[in-house]
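With the numbering used here applied, the sequence shown corresponds to residues 89 to 474, in that order. Idealized CB from N, CA, C, for every residue including glycine. All values reported here derive from a predicted model rather than from experimental measurement. The structure appears below as structure tokens.
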Amino acid sequence: MHLHEYQAKTVLKRYGVAITSFGVASNAQEVEDVIKSLNLEKAVVKVQVHAGGRGKAGGVKFANSPDEIKKISSELIGLKIVNQQTGKDGIVAHQVIITPPCDIEKEFYCGIIIDREQKRPTLIISPEGGMEIEEIAEKSPDRILTVPLYEGGVFKRFQINYITKFMGWSGDVAKQGAQMLVSLAKAFWELDASMVEINPLILTPDNQLIALDAKVTIDENALYRQKELQDYYDPTQESQAEVNAKKFDLAYISLDGDIACMVNGAGLAMATMDIIHHYGAEPANFLDVGGSATTEKVTEGFKIILSDPKVKAILVNIFGGIMNCATIAEGLIIAAKELDMKVPIVVRMEGTNVDQGRAMLKDSGLDLISVTSLTEAAQTVVKQIK
């Protein structure tokens with residue numbers, strides 16, 4: 089789950105990370121309140137969306153007076169940001185963060201992620217900031233340092249010393265940097281984060297290290313331990329289909345193809361998408377109904393699938409271990425009758441109560457195509473759309 093910048097700053101500030109003062113506004117009155125509370129004469133106004141590259145997309149602007157702060161804020165609230173990270177449909181900003189401007193002596197990059205290859209949290213840090221980390225890696229790979237965290241989100245003293253030297257920090261700046269690294273690592277670990285990023289981390293002319301921007305992403309599988317952070321979820325930043333999927337605990341991601349998939353199990357879902365691609369088509373979604381889906385979940389899954397106007401056919405691929413094939417069949421029948429499905433549906437089921445499930449589909453009177461192997465299922469569904 090992504091946090092907005094103002095949410096990330098609120099959380100990191102509690103861990104002792106130096107943050108500039110800020111206010112958040114979603115309408116004209118709130119903008120005025122922020123200007124008064126922070127006594128602003130000038131400000132930086134930034135849209136709040138779950139995507140990077142806001143500046144390049146016109147979502148970050150500098151205001152030179154209180155009236156200009158109001159004018160720019162009114163332009164940015166409701167602005168749709170469209171870039172590579174948002175996809176072609178874009179994301180609408182419903183709020184802006186307003187901060188006083190900062191004088192910048194130097195910009196740095198700092199982030200902690202999960203290194204999948206090393207299977208551990210890892211710090212990525214660079215004395216080159218203000219750019220995306222991919223851009224830094226391309227232009228100045230020797231200016232990037234990666235350092236693993238120890239159990240509990242801890243850096244050892246020798247690591248801190250090495251990092252501060254690499255970053256060119258000394259004296260009081262090195263002390264500030266060391267404290268910030270300790271705070272970030274602690275926050276990453278305790279928040280069940282999958283990413284914490286400060287870009288840019290700035291050095292001011294009076295030698296203060298300040299997080300000018302902040303991103304935090306929380307592992308959704310750990311949200312049951314993060315009760316407070318659950319309230320930070322913003323459904324306006326996702327498609328309606330993805331919001332509906334969350335309500336019914338369905339793992340759903342919209343894609344660009346035209347063959348919808350309903351599968352139980354993430355691995356089988358990936359294999360299903362791969363074989364669709366192998367036979368010359370593209371999947372319209374990733375949808376994992378889980379190992380113990382109810383009839384209601386299956387029905388809602390079909391509703392979500394059919395809300396996508398790109399869908400020309402549906403492939404249902406179920407292997408019933410824990411899952412009962414009869415449950416899938418029942419959900420499919422209910423959904424088909426309720427939604428008046430007009431696209432071809434290819435069904436491949438194996439496992440628990442498969443004979444009962446197939447019999448239910450056969451006796452339903454629905455125009456379904458039943459097959460017995462995944463290869464046959466993929467070939468058949470691709471043939472249907474072509």
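Taking the beta strand (DSSP E) that residue i falls in, what are its first and last residues?
i	result
residue 376	373 to 376
residue 305	303 to 306
residue 405	401 to 408
residue 347	347 to 351
residue 283	281 to 291
residue 475	Nothing can be reported for residue 475, as the shown portion of the chain is limited to 89 through 474.
residue 161	Careful: residue 161 lies outside any beta strand (DSSP E), inside the alpha helix (DSSP H) at 154 to 164.
residue 111	111 to 113
residue 433	433 to 439
Going by DSSP, name the residue or residues bridged to residue i.
i	result
residue 340	375
residue 364	Residue 364 is not bridged to any residue.
residue 476	Absent from the structure is residue 476, since the part of the chain shown begins at 89 and ends at 474.
residue 168	180
residue 513	Since the first and last residues shown for the chain are 89 and 474, residue 513 lies out of range.
residue 473	DSSP lists no partner for residue 473.
residue 107	299
Can you check whether the CB of residue j is closer than 7 Å to the CB of residue i?
i	j	result
residue 465	residue 459	yes
residue 372	residue 338	no
residue 268	residue 352	no
residue 470	residue 369	yes
residue 173	residue 139	yes
residue 178	residue 195	no
residue 413	residue 429	no
residue 199	residue 285	yes
residue 456	residue 433	yes
residue 208	residue 236	yes
residue 386	residue 419	yes
residue 160	residue 137	no
residue 266	residue 105	no
residue 287	residue 367	no
Could you tell me the distance, in whole angstroms, from the CA atom of residue i to the CA atom of residue j?
i	j	result
residue 229	residue 215	11 Å
residue 401	residue 348	6 Å
residue 435	residue 404	5 Å
residue 102	residue 330	31 Å
residue 453	residue 447	11 Å
residue 328	residue 393	12 Å
residue 90	residue 282	10 Å
residue 376	residue 359	12 Å
residue 211	residue 398	40 Å
residue 316	residue 308	13 Å
residue 356	residue 166	40 Å
residue 182	residue 128	22 Å
residue 388	residue 224	43 Å
residue 383	residue 256	60 Å
residue 122	residue 116	10 Å
residue 153	residue 345	48 Å
residue 362	residue 416	22 Å
residue 109	residue 226	33 Å
residue 143	residue 149	8 Å
residue 141	residue 425	44 Å
Between which two residues does the alpha helix (DSSP H) harbouring residue i extend?
i	result
residue 386	383 to 394
residue 458	No alpha helix (DSSP H) contains residue 458, which is instead part of the beta strand (DSSP E) from 457 to 459.
residue 265	259 to 278
residue 445	442 to 451
residue 334	328 to 335
residue 126	116 to 126
residue 313	Neither: residue 313 is in no alpha helix (DSSP H) and is coded neither H nor E.
residue 414	413 to 427
residue 245	245 to 255
Could you tell me whether the Cβ of residue i comes closer than 7 Å to any Cβ of chain D?
i	result
residue 415	Protein chains in the displayed structure number just one, and chain D is not present.
Minimum length 3: unbroken beta strand (DSSP E) runs contained in the segment 173 to 243 | Segments of the beta strand (DSSP E) lying fully in the segment 173 to 243: 184 to 187, 194 to 203, 208 to 214, 233 to 236.
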